[in-house]
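A.B. asks: Before anything else, here's the structure in question.
Protein chains: 2
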Amino acid sequence: MNTPENRLIQKILGKSSRTNGLRNGLRLGVGDDAALFVSRSGCETILTCDWFLEGTHFLRDRHPAGSVGWKSLARAVSDIAAMGGIPRCFLLSLAIPSELTGRWLDEFLKGLRRVSRKLPCPLVGGDTTRQNRVLINVTVIGEVRSGQALLRSGARAGDIIYVSGRLGEAELGLSMLRSAKAKIRATNPPLRKHLYPEPRIGLGQWLADRRLATAAMDLSDGLSTDLARLCAASNVGATIDESNLDSTAVRHSSVPNWNKRLALALNGGDDYELLFTVPPGKVRGIPSRYRGLKLTAIGQVTRGKGLTLSQRDGSTAAVTPRGWDPFA
Amino acid sequence: MNTPENRLIQKILGKSSRTNGLRNGLRLGVGDDAALFVSRSGCETILTCDWFLEGTHFLRDRHPAGSVGWKSLARAVSDIAAMGGIPRCFLLSLAIPSELTGRWLDEFLKGLRRVSRKLPCPLVGGDTTRQNRVLINVTVIGEVRSGQALLRSGARAGDIIYVSGRLGEAELGLSMLRSAKAKIRATNPPLRKHLYPEPRIGLGQWLADRRLATAAMDLSDGLSTDLARLCAASNVGATIDESNLDSTAVRHSSVPNWNKRLALALNGGDDYELLFTVPPGKVRGIPSRYRGLKLTAIGQVTRGKGLTLSQRDGSTAAVTPRGWDPFA
Numbered sequence: 161m162n163t164p165e166n167r168l169i170q171k172i173l174g175k176s177s178r179t180n181g182l183r184n185g186l187r188l189g190v191g192d193d194a195a196l197f198v199s200r201s202g203c204e205t206i207l208t209c210d211w212f213l214e215g216t217h218f219l220r221d222r223h224p225a226g227s228v229g230w231k232s233l234a235r236a237v238s239d240i241a242a243m244g245g246i247p248r249c250f251l252l253s254l255a256i257p258s259e260l261t262g263r264w265l266d267e268f269l270k271g272l273r274r275v276s277r278k279l280p281c282p283l284v285g286g287d288t289t290r291q292n293r294v295l296i297n298v299t300v301i302g303e304v305r306s307g308q309a310l311l312r313s314g315a316r317a318g319d320i321i322y323v324s325g326r327l328g329e330a331e332l333g334l335s336m337l338r339s340a341k342a343k344i345r346a347t348n349p350p351l352r353k354h355l356y357p358e359p360r361i362g363l364g365q366w367l368a369d370r371r372l373a374t375a376a377m378d379l380s381d382g383l384s385t386d387l388a389r390l391c392a393a394s395n396v397g398a399t400i401d402e403s404n405l406d407s408t409a410v411r412h413s414s415v416p417n418w419n420k421r422l423a424l425a426l427n428g429g430d431d432y433e434l435l436f437t438v439p440p441g442k443v444r445g446i447p448s449r450y451r452g453l454k455l456t457a458i459g460q461v462t463r464g465k466g467l468t469l470s471q472r473d474g475s476t477a478a479v480t481p482r483g484w485d486p487f488a
Numbered sequence: 161m162n163t164p165e166n167r168l169i170q171k172i173l174g175k176s177s178r179t180n181g182l183r184n185g186l187r188l189g190v191g192d193d194a195a196l197f198v199s200r201s202g203c204e205t206i207l208t209c210d211w212f213l214e215g216t217h218f219l220r221d222r223h224p225a226g227s228v229g230w231k232s233l234a235r236a237v238s239d240i241a242a243m244g245g246i247p248r249c250f251l252l253s254l255a256i257p258s259e260l261t262g263r264w265l266d267e268f269l270k271g272l273r274r275v276s277r278k279l280p281c282p283l284v285g286g287d288t289t290r291q292n293r294v295l296i297n298v299t300v301i302g303e304v305r306s307g308q309a310l311l312r313s314g315a316r317a318g319d320i321i322y323v324s325g326r327l328g329e330a331e332l333g334l335s336m337l338r339s340a341k342a343k344i345r346a347t348n349p350p351l352r353k354h355l356y357p358e359p360r361i362g363l364g365q366w367l368a369d370r371r372l373a374t375a376a377m378d379l380s381d382g383l384s385t386d387l388a389r390l391c392a393a394s395n396v397g398a399t400i401d402e403s404n405l406d407s408t409a410v411r412h413s414s415v416p417n418w419n420k421r422l423a424l425a426l427n428g429g430d431d432y433e434l435l436f437t438v439p440p441g442k443v444r445g446i447p448s449r450y451r452g453l454k455l456t457a458i459g460q461v462t463r464g465k466g467l468t469l470s471q472r473d474g475s476t477a478a479v480t481p482r483g484w485d486p487f488a
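Chains as they are written, first to last, in this note's numbering: chain A, 161 to 488; chain B, 161 to 488.
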């Protein structure tokens, strides 16, 4: 059928529309009512979905279409990484204005396919409709060995709190993107991190396989908000060490001031790094880098509730969640 | 954490937030990064997602919030029914304006929970954000015995084409809803069918278990569009018999005219009935009703391409897909 909707679906599918039958346990669902998937025995299936909406999660006049495609999948896969799982496939729900079904959609699909191949995590189904703004929802299906999934709820008092990578980088990248005079390319680490985040699948899987972490989650809304969520799920509190946070906070010539860097590290969103807790007895199993990715101990899980910042001068300060909350 | 977003998530979860650990192979994902699901051995997992957007798929000032909740899940589950599967669980992605997080959301959740319990198909995860219009995306995870899934691509020339229920009923219900002077309740079959469709899970599963159907899909966009899709996937054509269509077309005092009823039966969307093809040798296995649900042979699969209407006077007419196409 050569209807407008079908032509769009064919474009989204690209070459993968020629795939037929079950391959790698997957059967394409675009073109049928649904997709089919065979899970591996001894594994649990991980299910997650994420909004990625124009105006809320990206700006059409600022974010390159390729970044919108890349990020819509990468951030959903980050939830799979946070559970210690590997992605298997994804569904794409896309609503776009008619006038964007040409070059914008081509660039969007290029970015989406690039990260889809890299992970790898193939497209197996979805839904398409028209809207006056770009609306994206991505569902990712992943897998983890039974009983090995990393949850938010396992942290215990005394556990050491770790983060991967550099915190606040993506937020700084966003402010660069906003203040740029014209459309800009990903030429520096903060901007690249904001536009093309890399879900920490290898690290999550390694933590799960070795049973090193008692709890884990990905940092999507900012440390102060996400660590508070992990603590609430585990019914514990946490102390963050200011000097340790310094060594993992974003570094860039545009933010020489420590208070600015501290605010970015505490409240900046979109980093998609992993936050995890490790019992003291297992800390020696955590290297300072995992496959080149920096791992930093930033504090400790406490018995009480709430987050505290242990400052350089020996004093303490309460940390209020100031990360992203769409309803705040 | 008692943040605005968390309060909303708690409201959506309701009592189910107290569920912990794996129960019936499901673990709640709202509150963690993702949900966990254990598939039954010997089964394939079915994955499907569906948009349900204010202004496109429902009208906030016309559709009761409870119907929006019911229909957002029911129509996604209909894709599982069309594959011959049973639903296992679903993810809800909800974006709503702040002013609707009170009574509107309560009513929405009431309708959603009613159909969720009825199917049954529990909520296991999702994503929530704020928007100036209501945006809904539902992902349903279902299961079907390996190799038994009903696809669109299996129809062969000579197969008899069947539909369940009455066609065009939901479209008539929508026109009643649009023309009503005030908010109205579901008091008659067409309106009830439009507001609270029932996915044909029992029928789909029965067809798959008995291996009676060569192809199947659900009627969401209208027979003329959906049958053309099934034919395109199977590389065949089809002839629809006008007199047979008469016996399954919507009947209501407001549409005494056959041409109007014919147009509703051919092009009316949102019925969520099943369309399926049966080899001539298996036709005797198809009763006139399955558990009270009318089953009607409406035509035959042909070797050629395209859809033809075999009219009462013996002449034939080409049928053009005139169902719902968001990009037409």
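Even for Gly, the Cβ is constructed at its ideal location relative to N, Cα and C. Predicted model, so just to flag it, every value in this text is computed and none were measured.
#1: Considering only DSSP beta bridges, list what cysteine 209 of chain B is partnered with.
#2: From alanine 478 of chain A to threonine 399 of chain A, what does the alpha carbon distance come to, in whole angstroms?
#3: Which residue comes first and which comes last in the alpha helix (DSSP H) that contains isoleucine 277 of chain A?
#4: Counting Cβ pairs, one atom from each stretch, are 3 or more of them under 8 Å apart for the stretch 199–207 of chain B and the stretch 329–337 of chain B?
#5: Under 9 Å, do glutamine 170 of chain A and isoleucine 320 of chain A count as touching if we go by C-beta distance?
#6: For the alpha helix (DSSP H) containing proline 164 of chain B, name the first residue and the last one.
#7: The beta strand (DSSP E) with leucine 128 of chain A in it runs from where to where?
#8: Figure out for me which residue from A:Asn162, A:Glu358, A:Gly466, A:Glu433 has the closest Cα to the Cα of arginine 389 of chain A.
#9: What does the Cβ neighbour count give for arginine 472 of chain B, buried or exposed, with the cut at 16 atoms within 10 Å?
#10: My guess is that aspartate 210 of chain A and aspartate 287 of chain B are in contact by the Cβ rule of under 8 Å, so how many angstroms apart are they, rounded?
#11: Between the beta-carbon of leucine 453 of chain A and the beta-carbon of tyrosine 322 of chain A, is there less than 9 Å?
#12: Anything in chain A within Cβ reach of methionine 377 of chain B, meaning under 9 Å, just list it in chain order.
#13: Would a check of beta-carbon distances place arginine 178 of chain B closer than 9 Å to chain A?
#14: When we look at the beta-carbon of alanine 340 of chain A and count the other beta-carbons within 10 Å, is it buried (16 or more) or exposed?
#15: Return yes when the Cβ of leucine 252 of chain A is within less than 9 Å of the Cβ of isoleucine 172 of chain A, no when it is not.
#16: Taking a contact to mean a Cβ-Cβ separation below 9 Å, would you say serine 258 of chain B touches phenylalanine 487 of chain A in this structure?
#17: Leucine 334 of chain A CB to nearest chain B CB: under 9 Å?
#18: Quick one: is alanine 330 of chain B near chain A, going by C-beta distance under 9 Å?
#19: Going straight from the alpha carbon of arginine 316 of chain B to that of leucine 219 of chain A, what length do you get?
#20: What's the gap between the Cα of leucine 233 of chain A and the Cα of asparagine 297 of chain A?
#21: What does the alpha-carbon distance come out to for the pair aspartate 239 of chain A and alanine 309 of chain A?
#22: Starting from the beta carbon of valine 198 of chain B, find every residue of chain A whose beta carbon is closer than 9 Å, and list them in chain order.
#23: If you count every other CB in all the chains shown that lies within 10 Å of the CB of asparagine 180 of chain B, and 16 or more means buried, which is it?
#24: Mind checking who valine 323 of chain A pairs with in its DSSP beta bridge?
#25: Taking C-beta pairs closer than 7 Å, name the residues in chain A that alanine 309 of chain B reaches, listed in chain order.
#26: Rank B:Gly314, B:Pro224, B:Ala425 by C-alpha distance to the C-alpha of serine 407 of chain B and give the top, closest one.
#27: Measuring only between beta-carbons, confirm whether glutamine 291 of chain A sits less than 9 Å from chain B.
#28: Hey, would you say glycine 318 of chain A sits closer than 9 Å to proline 439 of chain A, going by beta carbons?
#29: Name the chain A residues that come within less than 8 Å of glycine 286 of chain B, Cβ to Cβ?
#30: Which residue comes first and which comes last in the alpha helix (DSSP H) that contains methionine 336 of chain B?
#31: Quick check for students: name the residue ranges of the alpha helix (DSSP H) that lie wholly in the stretch 373–401 of chain A, counting only runs of 4 or more.
#32: Who are the near neighbours of tryptophan 290 of chain A in its chain, counting only those whose CB is closer than 8 Å to its CB and skipping five residues on each side?
#33: Could you say which of A:Leu355, A:Thr480, A:Leu337, A:Leu260 lies nearest to arginine 235 of chain A if we only look at CA atoms?
#34: Are the stretch 356–364 of chain B and the stretch 414–423 of chain B touching by the rule of at least three beta carbon pairs closer than 8 Å?
#35: Need the endpoints of the beta strand (DSSP E) that glycine 286 of chain B sits in, please.
#36: Arginine 316 of chain B versus chain A: which residues are under 7 Å apart at the beta carbon?
C.D. replies: Put simply:
#1: B:Thr299
#2: Alanine 478 of chain A and threonine 399 of chain A have their C-alpha atoms spaced approximately 9 Å apart.
#3: Just to set this straight, residue 277 of chain A is arginine in the shown sequence, not isoleucine. Counting along the chain, the alpha helix (DSSP H) containing arginine 277 of chain A begins and ends at 263–278.
#4: Because the criterion of three Cβ pairs below 8 Å is not met, the stretch 199–207 of chain B and the stretch 329–337 of chain B do not touch.
#5: no
#6: 164–173
#7: Look at the range of chain A in this structure, 161 to 488, and you will see that residue 128 of chain A is not part of it.
#8: A:Gly466
#9: exposed
#10: 5 Å
#11: no
#12: Counting only Cβ-Cβ distances below 9 Å, methionine 377 of chain B has contacts in chain A at Asp192, Asp193, in chain order.
#13: Reliability fails at arginine 178 of chain B, whose pLDDT of 44 lies under 50, so the model's placement of it is uncertain and the value that follows must be treated cautiously. Cβ-Cβ to chain A under 9 Å: no for arginine 178 of chain B.
#14: exposed
#15: Going by C-beta atoms, isoleucine 172 of chain A is nearer than 9 Å to leucine 252 of chain A.
#16: yes
#17: With 9 Å as the cut-off, leucine 334 of chain A does not count as an interface residue toward chain B.
#18: no
#19: 48 Å
#20: 9 Å
#21: 11 Å
#22: Ser199, Cys203, Glu204, Thr205, Ser306
#23: Unreliable placement is indicated for asparagine 180 of chain B, whose pLDDT of 43 sits below 50; no coordinate value is reported for it.
#24: Answer by DSSP bridge pairing, in chain order: A:Leu435, A:Thr456.
#25: Leu196
#26: B:Ala425
#27: yes
#28: yes
#29: Cys209
#30: Judged by DSSP secondary structure, methionine 336 of chain B falls within the alpha helix (DSSP H) whose first and last residues are 329–339.
#31: 383–394
#32: According to the sequence provided, residue 290 of chain A is arginine. The question's tryptophan does not apply to it. Here the set comprises Ala255, Ile256, Pro257, Ser258.
#33: A:Leu355
#34: no
#35: 283–290
#36: The premise fails here: arginine 316 of chain B is roughly 17 Å from chain A at the closest Cβ pair, so nothing lies under 7 Å.
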